[in-house]
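> Residue numbers (my numbering), protein chains in the order written: chain A, 0 to 268; chain B, 11 to 385. The beta-carbon is built from N, C-alpha and C at its ideal position, and this holds for glycine as well. None of these values were measured; they are calculated from a predicted model.
(1) Please report how far the alpha carbon of residue 122 of chain A lies from the alpha carbon of residue 129 of chain A, in whole angstroms.
(2) Counting only Cβ-Cβ distances shorter than 9 Å, please list the residues of the stretch 145-170 of chain A near chain B, keeping chain order.
(3) Could you check how far apart the C-beta atoms of residue 174 of chain A and residue 249 of chain B are, in whole angstroms? I think they sit under 8 Å.
(4) Mind checking which residues open and close the alpha helix (DSSP H) that includes residue 111 of chain B?
(5) Please return the same chain residues whose Cβ sits closer than 7 Å to the Cβ of residue 95 of chain B, not counting the five positions on each side in sequence.
(6) Any C-beta of chain B sitting closer than 7 Å to the C-beta of residue 228 of chain A?
(7) Look up residue 291 of chain B in the DSSP assignment and say whether it is helix, strand or coil.
(8) Please compile the residues from chain A whose C-beta is within a distance smaller than 7 Å of the C-beta of residue 55 of chain B.
(9) Could you compute how far the alpha carbon of residue 349 of chain B sits from the alpha carbon of residue 149 of chain A?
(10) Quick one: is residue 12 of chain B buried, meaning 16 or more other Cβ sit within 10 Å of its Cβ, or exposed?
(11) Within 10 angstroms of its Cβ, does residue 153 of chain B collect 16 or more other Cβ (buried), or is it exposed?
(12) Go ahead and label residue 203 of chain A buried or exposed: buried means 16 or more other beta carbons lie within 10 angstroms of its beta carbon, across all protein chains shown.
(13) Whole angstroms is fine: what's the gap from residue 192 of chain A's alpha carbon to residue 208 of chain A's?
(14) When DSSP builds the beta bridges, which residues end up paired with residue 65 of chain B?
(15) Opposite residue 92 of chain A in the DSSP bridges: which residues?
(16) Counting contacts by CB-CB distance shorter than 7 Å, is residue 216 of chain A in contact with chain B?
(17) Considering just the uninterrupted stretch of the alpha helix (DSSP H) at residue 79 of chain A, what are its terminal residues?
(18) What does residue 271 of chain B touch in chain A if you count any residue whose Cβ is under 9 Å from its own?
(19) Do you know how far the Cα of residue 252 of chain A is from the Cα of residue 57 of chain A?
(20) Determine the direct distance from the alpha carbon of residue 85 of chain A to that of residue 211 of chain B, and round the result to whole angstroms.
(21) Taking the CB atoms as reference points, tell me whether residue 210 of chain A and residue 107 of chain A lie closer together than 7 Å.
(22) Under 9 Å, CB to CB, which of the residues in the stretch 60-75 of chain B have a partner in chain A?
(23) By the criterion of Cβ-Cβ separation under 8 Å, what are the contact partners of residue 35 of chain A in chain B?
(24) Hey, residue 158 of chain B and residue 261 of chain B: beta-carbon distance below 7 Å or not?
(25) Starting from residue 38 of chain A and walking both ways along the beta strand (DSSP E), at which residues does that stretch end?
(26) So residue 241 of chain A packs on residue 233 of chain A, CB below 8 Å; how close in whole Å?
(27) Near residue 255 of chain A, which residues of its chain fall below 6 Å by C-beta distance, leaving aside the five closest residues on each side in sequence?
(28) Which residue or residues does DSSP assign as beta-bridge partners of residue 4 of chain B?
(29) List the endpoints of the continuous beta strand (DSSP E) containing residue 179 of chain A.
(30) Determine the DSSP secondary structure at residue 68 of chain A, reduced to helix, strand or coil.
(31) Which of the residues in the stretch 189-222 of chain A, read from start to end, lie with their CB under 9 Å from any CB of chain B?
(32) When the cut-off is 7 Å and only beta carbons count, does residue 346 of chain B lie next to chain A?
(33) Keeping to the same chain, check which residues put their C-beta closer than 6 Å to that of residue 174 of chain B; ignore five residues upstream and five downstream.
(34) Using the beta-carbon count (16 or more within 10 Å), is residue 334 of chain B buried or exposed?
(35) Count the other CB atoms, across all protein chains shown, that sit within 10 Å of the CB of residue 90 of chain A; report buried if there are 16 or more and exposed otherwise.
(36) By the criterion of Cβ-Cβ separation under 9 Å, what are the contact partners of residue 117 of chain A in chain B?
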């Protein structure tokens, strides 16, 4: 019945399907109860090489968080359609942007975190999705579940989207996306991080933190990528000045991922 | 003498010679390094090979474009503001510059383009006046779209503050659930169109406050970030903070935050601003040239295979093999067709003996045959 204060509201309410869906049916089956939180990441032999997945994986390991690792190729199963995500025993799914809220880690240097995030991460995204060599090498990894035609179309769509994102992320308005500039920014970030690391074990001090997780994920992506990139070339040169960064990556792998740290050999220039 | 091509400025009354923070940073760098330079205000970036302003020229050739490349070039020319920094300070300088250019700028873009009151009443009219007709019809909107897409990719939305506030307050839960079921058109009819929202509580300002706090602690009571002489970091911080402090905006959240909570940054900005003399100006690009270059830029972007990069001058290492493979395939195709007689090579032919012995027919002979046949 229409109220004196809001007659129109009731009329419109009756017309505008505010009760949609009209009825609710309880689910027939309840999901299986899991004993421990599960982290869903992209599959890969050995450690996952997707940067965001590896960053979250490293964060959980640094925080000594008990969890099980699960592989999936379907990012739409995540709350924000991005992998990784964490599934808790009570059925709650936490996306990658909120996982850190569940962990107790120290503060990282804001300036260096920004440097790594906006210097190294764009270079990894460029390598995987925009660089033609990387696209052909990584296409099967991320889109392998689709047919060839769909894989080509999806790859093109994602490539354009990533290129647009990288272009708008550049400090200069309207600048064209130039791979040389992207890799130069990455090298500049590595120079700065190399000095910041110095003789320490980790970038965040005695114990690894958010900055270590991010830098480790990016550097590992360059080192493990099955394609050549200017950054990888610099890292793997014999007598490279970036050898401490490579040792840093291997140190984290051997300490937290339990794999033999001999996967990267210096390559003669 | 160097020529710096830069985006123009709608804030010349405030002593700012560009609306773009990267251009302002390079202007400050050139000024503080005491290089000889002149400023050219342009309304399009097409003169730069990678469509990037600021662009530095020496003579007729564009030397470099983009902040870091110009700084590296000036360093090689002997104008190095970071010359007296040690390795650790250089590393910190790079990190802090990245923080300002990639994190703090989000708050500036939000304040200018996503706060509707600021954009409608201050930024857009000034940019329109700067670019003139007809560029004023679409360049301000292009800048706004660019800012929106950049902020959206960073997870920053203009409506985030209102949603966060109403969602977090438990007393409003039932009211919100009822409100969400009311059709929007009814709400607009009852409450009227809200002209401009107050967005001072958006989370982007909290993030900016953290950046400013870090900068303030780094600066502390010093004259410049690394002592008594300005460095590249000082020019970058000036380039970005000056655009927050000096233009008057209806919702000046950033300006109030800096003046009230970080007075040392405000004083630092004023200190450098006092040293910025009016640059010698080169001839400005007239509006016709601006329109023409804008059209050219749009056509190039539409026609190029990658819409985000202009054709480069780099050699394609596989070009020779591509040409050889295409030529080989065409050669095989045509060779096969000619060999099989599908195609024939035209040329002079001698008449066959049979053709030579055939009598030539005349028109009277043909007519007699036709008449004979018809009768």
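Straight from the coordinates:
(1) For the purposes of this step, residue 122 of chain A is identified with residue 123 of the first chain, where counting begins at 1. For the purposes of this step, residue 129 of chain A is identified with residue 130 of the first chain, where counting begins at 1. Computed Cα separation, rounded: 10 Å.
(2) 159, 162, 163, 164, 165, 166, 167, 168, 169 and 170
(3) Here residue 174 of chain A refers to the residue found at position 175 of the first chain. Here residue 249 of chain B refers to the residue found at position 239 of the second chain. Contact flag wrong, Cβ pair sits at about 16 Å.
(4) Numbered from 1 along the second chain, position 101 holds the residue referred to as residue 111 of chain B. Premise fails: residue 111 of chain B is in no alpha helix (DSSP H) and is neither H nor E.
(5) Mapped onto the second chain, residue 95 of chain B falls at position 85. Excluding residues within five positions, the ones whose Cβ falls inside 7 Å are 103, 236 and 241.
(6) Taking the first residue of the first chain as position 1, residue 228 of chain A is located at position 229. Output row for residue 228 of chain A: interface = no.
(7) Residue numbering aside, residue 291 of chain B sits at position 281 when the second chain is read from its first letter. In the structure shown, residue 291 of chain B sits in a strand (DSSP, three-state: E or B).
(8) Taking the first residue of the second chain as 1, we reach residue 55 of chain B at position 45. Here the neighbours are 173.
(9) One-based indexing of the second chain puts residue 349 of chain B at position 339. One-based indexing of the first chain puts residue 149 of chain A at position 150. Roughly 41 Å between the two C-alpha positions.
(10) Sequence index remark: in the second chain, residue 12 of chain B carries index 2 (1-based). Its Cβ being crowded by 16 or more others within 10 Å, residue 12 of chain B is buried.
(11) In the second chain, counting from the first residue as 1, residue 153 of chain B sits at position 143. That one is buried.
(12) Here residue 203 of chain A corresponds to residue number 204 of the first chain, with the count starting at 1. Answer is buried; the Cβ neighbour count reaches 16.
(13) If you number the first chain from 1, residue 192 of chain A lands on position 193. If you number the first chain from 1, residue 208 of chain A lands on position 209. Near 15 Å, if we compare the C-alpha coordinates of residue 208 of chain A and residue 192 of chain A.
(14) Here residue 65 of chain B refers to the residue found at position 55 when the second chain is read from its first residue. In DSSP, residue 65 of chain B forms a bridge with B:15 and B:75.
(15) Here residue 92 of chain A is taken as the residue at index 93 of the first chain, counted from 1. Listed as beta-bridge partners of residue 92 of chain A by DSSP are A:86.
(16) Sequence index remark: in the first chain, residue 216 of chain A carries index 217 (1-based). No - not a single Cβ of chain B is within 7 Å of the one on residue 216 of chain A.
(17) Position 80 of the first chain, counted from the start, is the residue given in the question as residue 79 of chain A. Note, residue 79 of chain A: premise wrong, no alpha helix (DSSP H); not H, not E.
(18) As a first step, residue 271 of chain B is located in the second chain; it is residue number 261 there, counting from the start. Correct list: empty, because the minimum Cβ distance to chain A is about 17 Å.
(19) Counting from one through the first chain, the residue named residue 57 of chain A turns up at place 58. Counting from one through the first chain, the residue named residue 252 of chain A turns up at place 253. Rounded to the nearest angstrom, the two C-alpha atoms are 9 Å apart.
(20) As a first step, residue 211 of chain B is located in the second chain; it is residue number 201 there, counting from the start. As a first step, residue 85 of chain A is located in the first chain; it is residue number 86 there, counting from the start. Near 30 Å, if we compare the C-alpha coordinates of residue 85 of chain A and residue 211 of chain B.
(21) Sequence index remark: in the first chain, residue 210 of chain A carries index 211 (1-based). Sequence index remark: in the first chain, residue 107 of chain A carries index 108 (1-based). Yes, the pair counts as a contact, with Cβ atoms nearer than the cut-off.
(22) The residues in question are 60, 61, 62, 63, 64 and 75.
(23) Start at 1 with the first residue of the first chain, and residue 35 of chain A comes out as number 36. Those do not exist, as residue 35 of chain A stays about 29 Å from chain B at its closest Cβ, beyond 8 Å.
(24) As a position in the second chain, residue 158 of chain B is number 148, starting the count at 1. As a position in the second chain, residue 261 of chain B is number 251, starting the count at 1. Against a cut-off of 7 Å, the Cβ pair of residue 261 of chain B and residue 158 of chain B comes out as no contact.
(25) Numbered from its first residue, the first chain carries residue 38 of chain A at position 39. Bounds of the beta strand (DSSP E) holding residue 38 of chain A are 37-40.
(26) On the first chain, position 242 is the one that residue 241 of chain A refers to. On the first chain, position 234 is the one that residue 233 of chain A refers to. With a Cβ gap of about 6 Å, residue 241 of chain A and residue 233 of chain A count as contacting.
(27) Here residue 255 of chain A is taken as the residue at index 256 of the first chain, counted from 1. Excluding residues within five positions, the ones whose Cβ falls inside 6 Å are 60.
(28) Residue 4 of chain B lies beyond the range of chain B shown here (11 to 385); nothing can be said about it.
(29) In the first chain, residue 179 of chain A corresponds to position 180, counting from 1. Looking at the DSSP string, residue 179 of chain A is not in any beta strand (DSSP E); the run it does join, the alpha helix (DSSP H), is 178-196.
(30) Counted from its first residue, the first chain places residue 68 of chain A at position 69. Strand.
(31) 190, 191, 192, 193, 194, 195 and 197
(32) Here residue 346 of chain B is taken as the residue at index 336 of the second chain, counted from 1. Chain A, which has no Cβ nearer than 7 Å to the Cβ of residue 346 of chain B, makes this no.
(33) Working through the second chain from its first residue, we reach residue 174 of chain B at position 164. Below a pLDDT of 50, predicted positions are generally treated as unreliable, and residue 174 of chain B, at 46, falls in that range; the measurement from the model is reported next regardless. Excluding residues within five positions, none has a Cβ falling inside 6 Å.
(34) For the purposes of this step, residue 334 of chain B is taken as residue 324 along the second chain, with counting starting at 1. So residue 334 of chain B counts as exposed.
(35) On the first chain, position 91 is the one that residue 90 of chain A refers to. Using a 10 angstroms sphere on the CB of residue 90 of chain A, the tally of other CB atoms stays under 16, which defines it as exposed.
(36) In the first chain, residue 117 of chain A corresponds to position 118, counting from 1. Neighbours of residue 117 of chain A on chain B, chain order: 108, 109, 111, 112 and 113.
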